[in-house]
Amino acid sequence: MIPRYQKVLFIILLVASLVMGVVLWRLRERAHKRMLAGEDSAPTRAPEVAPAEQATLVAANDADGSLLSQNFAFPLPQDPGARARVLIGKLLDLYATPDSNHPVSGGAAGVAEVFLLPATAPKDPQNPNAEMAVINLTGNFAASHPSGLETETLTVLSICATLRANLPRVTEVRFLVDGQPRDTLAGHADLTRTYLTANAVPTGGTNP
Amino acid sequence: MHWIRRAILATALAGATALQATAQPASPAPSGRFIVVLDAAHGGADTGARLASGQAEKSATLALSVRLRSLLSARNIAVVTTRESDATLDANRRATVTNHAAAQACLSLHASESGSGVHLFVSSLAPAPATNFPAWKTAQAAWVTRSIALAGALNSALLHAGINVTLERTTLSAVDSMICPAVAVEIAPARSPDGKVTAEPDDAAYQARVAAALVAALADFRTEARQP
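The listed protein sequences correspond, in order, to chains W and P. In this text, residue positions in the first sequence follow our numbering: the first is 4, and each later residue adds one. In this text, residue positions in the second sequence follow our numbering: the first is 13, and each later residue adds one.
So, in structure tokens, the structure goes:
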């Protein structure tokens with residue numbers, strides 16, 4: 004049998020807890036509103052728009068398995084890593100267009116990051132500052148990439164060839180998917196290897 | 013102590029038997045003949061590409077492998093296949109079966125919805141001299157020159173059969189570990205000049221045409237290999 008005074012004490016404590024909960028919730032809401040009201044959403048610095056530069060995208064064509072150089076003009080950042088990411092993004096945007104000769108969905112969002120590291124191959128006197136590009140693709144891009152030996156090979160080679168055309172210091176390329184090594188892009192092209200950009204040579208060129 | 017020795021011996025024997033069993037190709041090769049390895053890509057949980065007909069790539073490649081095996085056997089060419097059923101095989105296992113066969117030609121069979129005709133792929137490894145102990149992942153380097161010759165023979169026969177062909181280089185881990193002239197063959201849809209699909213990769217008549225051309229090419233390659 005629970006004594007009466009304990010029951011009364013329990014009810015008082017329960018009511019006090021509920022009241023305190025409501026008061027805290029109201030205080031939190033008030034603080035949140037105050038914070039939103041005081042926040043200045045205007046940009047602190049105007050975004051910098053880089054001038055448009057000529058860039059070469061080496062685009063794949065599934066019909067004949069070719070790689071064609073195409074010249075475009077678009078803003079490019081100065082940082083080489085960011086530059087590489089924009090270039091690959093533009094290439095993937097080209098593939099995502101409805102009349103693409105190498106249809107791959109996803110576009111520029113398919114490349115998450117590009118890191119440039121010193122190349123692993125022995126120093127080449129012709130290119131002493133050779134670099135390796137580590138391209139981190141998104142899992143969505145890999146999952147939506149058409150499966151096939153030709154289509155996957157052309158995607159990999161066209162990325163390598165585009166980097167070679169615009170960033171000659173990049174001699175090696177490695178691929179990650181969602182930051183992790185992966186066996187293949189979509190079941191075929193081997194992503195465990197280091198690709199040499201010298202092996203990705205365009206077979207022709209056009210200027211759109 | 014006697015029973016311990018017997019137990020160790022039994023375990024060792026069981027291990028050796030298991031190893032021998034796993035190293036057995038799906039169909040063994042007769043010795044002293046021109047041997048072709050047919051590697052039907054994918055299988056089991058690895059379905060490969062989804063074709064327009066709804067069929068998985070693994071089924072199309074197995075059908076082509078079975079068709080090729082029959083045609084090659086009819087020409088008295090010995091055939092070793094990496095799989096005869098819907099089995100899961102990784103790239104290393106495929107290369108192991110192939111390398112055990114000591115074959116004179118190896119075809120890795122694929123099917124895809126992209127492109128047109130037949131895509132022939134040779135390893136993108138740079139040619140290298142043969143060594144006694146080649147690295148597993150680049151073992152194909154010593155065979156690249158012969159692989160290019162085999163791709164040339166396949167290309168000629170397919171073109172002669174009126175099939176559109178593209179010749180390319182790729183990195184495919186199973187092929188890169190093979191110690192034989194190896195070519196990856198990918199069947200894409202047959203298309204008219206305006207790009208319309210006239211036959212899907214799993215179309216039986218289309219596969220029969222491709223298979224006949226591949227067999228003719230392998231027969232030519234055998235003759236060429238026997239010439240001094």
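Ideal placement from N, C-alpha and C gives every residue a C-beta, glycine not left out.
Flag this pair as yes or no: are the beta carbons of residue i and residue j separated by less than 8 angstroms?
| i | j | result |
| --- | --- | --- |
| P:T110 | P:T94 | yes |
| P:A6 | P:G55 | Because chain P spans 13 through 240 in this model, residue 6 of chain P falls outside it and cannot be assessed. |
| P:A220 | P:T210 | no |
| P:V130 | P:V195 | no |
| W:V61 | W:S72 | yes |
| P:L226 | P:V187 | no |
| W:L179 | W:N139 | yes |
| W:V137 | W:R185 | no |
| P:A224 | P:L83 | yes |
| P:S185 | W:D193 | yes |
| W:T158 | W:H148 | yes |
| W:G92 | W:L119 | no |
| P:S77 | P:L121 | yes |
| P:A231 | P:S168 | no |
| W:A111 | W:D96 | yes |
Using the beta-carbon count (16 or more within 10 Å), is residue i buried or exposed?
| i | result |
| --- | --- |
| W:M135 | buried |
| P:I89 | buried |
| P:R79 | buried |
| P:Q36 | Reliability of the predicted coordinates at P:Q36 is poor, the pLDDT of 46 falling under 50, and the value obtained from them is presented with this limitation in mind. By the 10 Å Cβ count, P:Q36 comes out exposed. |
| W:N169 | buried |
| P:G174 | exposed |
| W:M23 | exposed |
| P:A53 | buried |
| W:I5 | exposed |
| P:V156 | buried |
| W:M38 | exposed |
| P:R106 | buried |
| P:E69 | buried |
| W:Q81 | exposed |
| W:H35 | exposed |
| W:G182 | exposed |
| W:I162 | buried |
| P:R158 | buried |
Flag residue i as yes if its beta-carbon sits less than 8 angstroms from any beta-carbon of chain P, otherwise no.
| i | result |
| --- | --- |
| W:L196 | The displayed chain sequence assigns Arg, not Leu, to residue 196 of chain W. For W:R196, the answer is yes, since a Cβ of chain P falls inside 8 angstroms of its Cβ. |
| W:L21 | no |
| W:G113 | no |
| W:D67 | yes |
| W:P211 | Unreliable placement is indicated for W:P211, whose pLDDT of 36 sits below 50; the coordinate value is still reported in the next sentence. For W:P211, the answer is no, since every Cβ of chain P falls outside 8 angstroms of its Cβ. |
Output, in chain order, the set of chain W residues within a Cβ distance shorter than 8 angstroms of residue i.
| i | result |
| --- | --- |
| P:D58 | G190 |
| P:L184 | L152, H191, A192 and D193 |
| P:F233 | The premise fails here: P:F233 is roughly 21 angstroms from chain W at the closest Cβ pair, so nothing lies under 8 angstroms. |
| P:H122 | G151, L152 and H191 |
| P:H131 | G68, L152 and E153 |
| P:A196 | L152 |
| P:T178 | D67, G68 and E153 |
State yes or no: is the beta carbon of residue i nearer than 8 angstroms to at least one beta carbon in chain W?
| i | result |
| --- | --- |
| P:S71 | no |
| P:G127 | yes |
| P:A113 | no |
| P:A75 | no |
| P:A61 | yes |
| P:E212 | no |
| P:T94 | no |
Note down, in chain order, every chain P residue with its Cβ under 7 angstroms from the Cβ of residue i.
| i | result |
| --- | --- |
| W:T141 | None at all; the shortest Cβ gap to chain P is about 20 angstroms. |
| W:N202 | S136 |
In chain P, which residues lie with their C-beta within 9 angstroms of the C-beta of residue i?
| i | result |
| --- | --- |
| W:T158 | In chain order: nothing, as chain P lies at least about 10 angstroms away. |
What does residue i reach in chain P if we use C-beta pairs closer than 8 angstroms?
| i | result |
| --- | --- |
| W:P101 | What W:P101 touches in chain P: nothing, since even the nearest Cβ is about 14 angstroms away. |
Requested in this report: Within the segment 136–174 of chain P, note down every full alpha helix (DSSP H) run reaching 4 residues or more, in order along the chain.
Outcome: 156–172
Query raised in the report: Can you list the alpha helix (DSSP H) stretches of 4 or more residues lying completely in the segment 150–193 of chain W, in chain order?
Result: 152–169
Query raised in the report: Which residue spans inside the segment 55–141 of chain W form an unbroken beta strand (DSSP E) run of at least 3?
Result: 55–64, 69–78, 114–121 and 134–140
Requested in this report: Just list the alpha helix (DSSP H) runs in the segment 69–122 of chain P, keeping only unbroken ones of 4 residues or longer that don't cross its boundaries, in chain order.
Outcome: 69–86 and 103–113
Query raised in the report: Can you list the beta strand (DSSP E) stretches of 3 or more residues lying completely in the segment 190–233 of chain P, in chain order?
Result: 194–199 and 209–211
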